[in-house]
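One structure is given here, and the rest of the page talks about it.
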Amino acid sequence: YLPADADRPAGLRELKRIGRGKMPWFTERILAGERVFIRDAAHMPPAGGKEKRLLATLGIASLSAMPMTVKDRLLGALAVASQTPLDAARLAGSRVLEQVCLLFSNAIERLRTSTALRRSESLARAILDALPAYICVLDRKGALTMVNRSWAAGGPASTPIGADESDVSLTLGGNYLAACRAAPRNAHAAAALEGILAVLAGRSASFRAEYPGGQGAEGRWFVMQVTPFAKGLPGAVVSHRDITERMRAIVELRESEERFRIIVETAQEAVMNLNADSRVTYANPRAVTLFGYPAQELLGSSIFDLTDPADHQLLTQNIERRKKGHSDRYELRFRHKNGHRIWTMLNASSMRGPNGEFQGSVGMITDISDRVRAEIRLRRNEARYRSLVESMHEGLVMARKNGLITYVNARFCAMLGRSRAELSGRHVGEFADPASRPKLELMLAESQAATGHSGPGRSGSEEILWEHAGGRHIYSLVSPSAYADEEGKTAGFFAVITDTTERKGLESQLLQSQKLEAIGQLAAGIAHEINTPAQYVGNNTQFIQGAFEDMLAVIEAVRAFIETSKTACPGKQEVDALEKLMAERDVEYLMDEVPGAIAQTLEGVERISTIVRSVKQFAHPGLAVMAPADLNESMKSTATVSRNEWKYVAELELDLDPALPMVVCMIGEINQVVLNLIINAAHTIADAKKLAPEREGRITLTTKFTGPWAEIRVRDTGTGIPEAVQAKIFDPFFTTKEVGRGTGQGLTISRSIVVEKHRGQLYFETKAGEGTTFVMRLPLAQPERGEAT
177 YLPADADRPA
187 GLRELKRIGR
197 GKMPWFTERI
207 LAGERVFIRD
217 AAHMPPAGGK
227 EKRLLATLGI
237 ASLSAMPMTV
247 KDRLLGALAV
257 ASQTPLDAAR
267 LAGSRVLEQV
277 CLLFSNAIER
287 LRTSTALRRS
297 ESLARAILDA
307 LPAYICVLDR
317 KGALTMVNRS
327 WAAGGPASTP
337 IGADESDVSL
347 TLGGNYLAAC
357 RAAPRNAHAA
367 AALEGILAVL
377 AGRSASFRAE
387 YPGGQGAEGR
397 WFVMQVTPFA
407 KGLPGAVVSH
417 RDITERMRAI
427 VELRESEERF
437 RIIVETAQEA
447 VMNLNADSRV
457 TYANPRAVTL
467 FGYPAQELLG
477 SSIFDLTDPA
487 DHQLLTQNIE
497 RRKKGHSDRY
507 ELRFRHKNGH
517 RIWTMLNASS
527 MRGPNGEFQG
537 SVGMITDISD
547 RVRAEIRLRR
557 NEARYRSLVE
567 SMHEGLVMAR
577 KNGLITYVNA
587 RFCAMLGRSR
597 AELSGRHVGE
607 FADPASRPKL
617 ELMLAESQAA
627 TGHSGPGRSG
637 SEEILWEHAG
647 GRHIYSLVSP
657 SAYADEEGKT
667 AGFFAVITDT
677 TERKGLESQL
687 LQSQKLEAIG
697 QLAAGIAHEI
707 NTPAQYVGNN
717 TQFIQGAFED
727 MLAVIEAVRA
737 FIETSKTACP
747 GKQEVDALEK
757 LMAERDVEYL
767 MDEVPGAIAQ
777 TLEGVERIST
787 IVRSVKQFAH
797 PGLAVMAPAD
807 LNESMKSTAT
817 VSRNEWKYVA
827 ELELDLDPAL
837 PMVVCMIGEI
847 NQVVLNLIIN
857 AAHTIADAKK
867 LAPEREGRIT
877 LTTKFTGPWA
887 EIRVRDTGTG
897 IPEAVQAKIF
907 DPFFTTKEVG
917 RGTGQGLTIS
927 RSIVVEKHRG
937 QLYFETKAGE
947 GTTFVMRLPL
957 AQPERGEAT
């Protein structure tokens, strides 16, 4: 205590900042609840040495202090410091200090309690306002004594259950129980009323109810929680929370579970759950069907009992991987209840508990038995077809789009006299004859270009010449086809190669034999044709020989007359003798007839030469290559050679187009075709004359230039071709003639020559009873490739 007008030394102002560590003796006494009287700081006890020095420093001579307590709880201390020592009178005033201390203690306690209460209420209010729930506090009668900010702001959750049927307000002071009673028809309101009453009466520790939103909150859900105050305090706390999202999540979860249950139950794959001991805990209907066991028999069984024993080790290894958290996809074989093997593709994953422990596996099992069996069949078929390809008589080559060989069979290797290693990886054109390479490459390109439009690319056959490793040539017929990849794009081609070297020789022999056969058939007629001009050549020669003898006699007489005239003038007797000789030798007649006989002789010789030349041209094997030829001249020769076949039954008329250009062809083979057609025409006219002897027989041989074609027509006035045999007319060995008049090979060979070799056309036009016209059309120039019609 200091007078109001007294100066306050700096030391007194600093006293309140002194920590108890600097006044341990003083502090210990206060904490023990003792009063402290320091009458004279200069005479402090030894234990208060720190206090003595501190007080001396601060200029304090005496100090009185009394602890302030409330119900034995220390609140602090009231201390009075003085710059002078305490006397007896001032020491007696300490009793007043005691009373003041008591008053201060009570005041401080009241202030502290009030502050704590306000702080507690503020904290509680802040907590309530911060909560998203709608909260109100009810007294024992159900009146609202407090609401949080959410409730005060209003909203669907601050409306009591059944509020859409009630007009009762639930703002601060309103009655929750009255609001529930105002909606007697609402079951949720009735339940809430009973629950709140039970909590307020202490019959229930809490009440909880979920209810749908009313008017203005359709489609939303809420949860109501009623909790009583602490024991002995009346009232309860009511909270409402919006649980719509949770309810929607629950509904979605149920729908999802149902959806996935349906998916699993109706899945085409078997689904199974195994526990940690590898025993079945769940199997869907497909699993029941797949394994053939009833569901109750399948559940609880070991997965090893269902697995093929040959795969037990594989299964064990994968289960161990599952325990380590790995998921796997692998093929596994099972056994059906009836014993047959099931091939499957298994997708397995591990199931883990809350703490990550292994609890089992879930597996989706796809039955691939059909696929595996198909693969087995495919491998068998592949082996079978490979064996077939390797044993076939034709060569087979497979190559990429760029022509590099990827596979050849043994036959092709044998054809070229090379090994697979020599052929693989090299361009297929390397082994073709240089003259055939352009045609081969074009043919392969065309076959690949057809891919992707209407299936695999196709191409006709072509004659290709190959080079054997030994240097000789191999004739072949190549039939290429392109193949496509999965996207329908050309991936390459394969070609079937038929060795025609031997057949080529046989065909040449056959064609020549056909020519010789024709010549043999025509030999008698040709001999007769030669005999006629030969006879009058011989007769005229004999006549000329006699005439020459007569003329020689006259010439000798004239020479003698000239010699006599040189020495003497001839007399009348010599002149008369010469005239007589000339008359006897009929010189005038000889002069008139000999020139004619010579001309006829020359004509006969020319006729014989023409026949011989025609026969020679027809019978000559010719070149096996295409060359320009004059079709008109060839038609004349062929008509001459065949004259004895037709001259007794028909007239042959030549109608040759002078504008017809040279045609690139094998002229010898074309002559063979025309001869066959002329002979056939003569035969059918002969048959027609048997039926009608007065009928005129005529064969018309025509050539014509029509655009890119050279056209040859052989028209007859025979019987025509019956409709029943028209489709067979070009078939090998088919003939309508009697035995001895044909082998049935003529038209077959003719078609092969025209269509296959010359890329031309050969067809006929016929009318029963009137005749037939065979039309042969040849391209003027042979293209590298072209389809025959």
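Here the sequence shown is numbered in my numbering, starting from 177 and rising by one per residue. We put the CB at the ideal spot given by N, CA and C, even for glycine. Just so we're clear, the structure is a prediction, and the values are computed from it rather than from any experiment.
Three-state class that DSSP yields for residue i in the structure shown
| i | result |
| --- | --- |
| tyrosine 469 | coil |
| glutamate 598 | helix |
| methionine 758 | helix |
| glutamate 428 | helix |
| glutamate 941 | strand |
| phenylalanine 510 | strand |
| threonine 948 | strand |
| methionine 591 | helix |
| cysteine 312 | strand |
| methionine 619 | helix |
| tyrosine 824 | coil |
| methionine 811 | helix |
| glycine 539 | strand |
| aspartate 504 | strand |
| arginine 648 | coil |
| aspartate 831 | strand |
| proline 243 | strand |
| arginine 379 | coil |
| glutamate 662 | coil |
Cβ neighbour criterion (16 or more within 10 Å) applied to residue i
| i | result |
| --- | --- |
| alanine 218 | exposed |
| proline 771 | exposed |
| methionine 767 | exposed |
| alanine 645 | exposed |
| phenylalanine 719 | buried |
| leucine 938 | buried |
| proline 656 | buried |
| arginine 819 | buried |
| alanine 886 | buried |
| leucine 830 | exposed |
| alanine 759 | exposed |
| proline 173 | One cannot answer for residue 173 here, as it falls past the ends of the chain, which runs 177 to 965. |
| isoleucine 439 | exposed |
| methionine 952 | buried |
| alanine 365 | buried |
First through last residue of the beta strand (DSSP E) which encompasses residue i
| i | result |
| --- | --- |
| arginine 528 | 517-528 |
| histidine 968 | Look at the range of the chain in this structure, 177 to 965, and you will see that residue 968 is not part of it. |
| glutamate 845 | First-last for glutamate 845: 843-867, but that is the alpha helix (DSSP H), not the beta strand (DSSP E). |
| glutamate 638 | 638-643 |
| threonine 141 | Within the shown structure, residues of the chain are numbered from 177 to 965, placing residue 141 beyond reach of any answer. |
| asparagine 449 | 446-451 |
| alanine 667 | 666-675 |
| lysine 880 | 874-882 |
| valine 212 | 212-214 |
Whole-number beta carbon distance between residue j and residue i, since they are thought to touch under 8 Å
| i | j | result |
| --- | --- | --- |
| isoleucine 426 | valine 402 | Incorrect: roughly 23 Å between the Cβ atoms, too far for contact. |
| serine 238 | threonine 260 | 7 Å |
| alanine 826 | alanine 858 | 6 Å |
| leucine 307 | asparagine 324 | 6 Å |
| serine 623 | phenylalanine 669 | 6 Å |
Extent of the continuous alpha helix (DSSP H) to which residue i belongs
| i | result |
| --- | --- |
| aspartate 481 | 479-482 |
| phenylalanine 202 | 200-207 |
| valine 565 | 545-567 |
| glutamate 370 | 363-376 |
Close Cβ partners of residue i (< 7 Å) along its chain, the five nearest in sequence each way excluded
| i | result |
| --- | --- |
| arginine 528 | Phe534 and Gln535 |
Other residues of its chain near residue i: CB distance less than 8 Å, five sequence neighbours each side excluded
| i | result |
| --- | --- |
| valine 763 | Asp726, Met727 and Val730 |
| arginine 509 | Thr483, Asp484, Ala486, Asp487, Arg517, Ile518, Trp519 and Thr520 |
| serine 600 | Ile581, Thr582, Tyr583 and Val584 |
Residues of its chain near residue i, where Cβ-Cβ distance is below 6 Å and the 5 sequence neighbours each way are ignored
| i | result |
| --- | --- |
| tyrosine 561 | none |
| lysine 880 | Asp833 and Glu887 |
| glutamate 941 | Thr949 |
| methionine 322 | Val313 |
| histidine 416 | Tyr310, Ala333, Phe398 and Met400 |
Closer than 8 Å to chain D by CB, residue i
| i | result |
| --- | --- |
| isoleucine 905 | Going by chain labels, chain D is absent from the structure shown, which holds only one protein chain. |
The ligand NAD heavy atom lying under 7 Å from the CB of residue i
| i | result |
| --- | --- |
| glutamine 624 | Absence of the ligand NAD from the depicted structure is noted, as is the absence of any ligand whatsoever, leaving it without description. |
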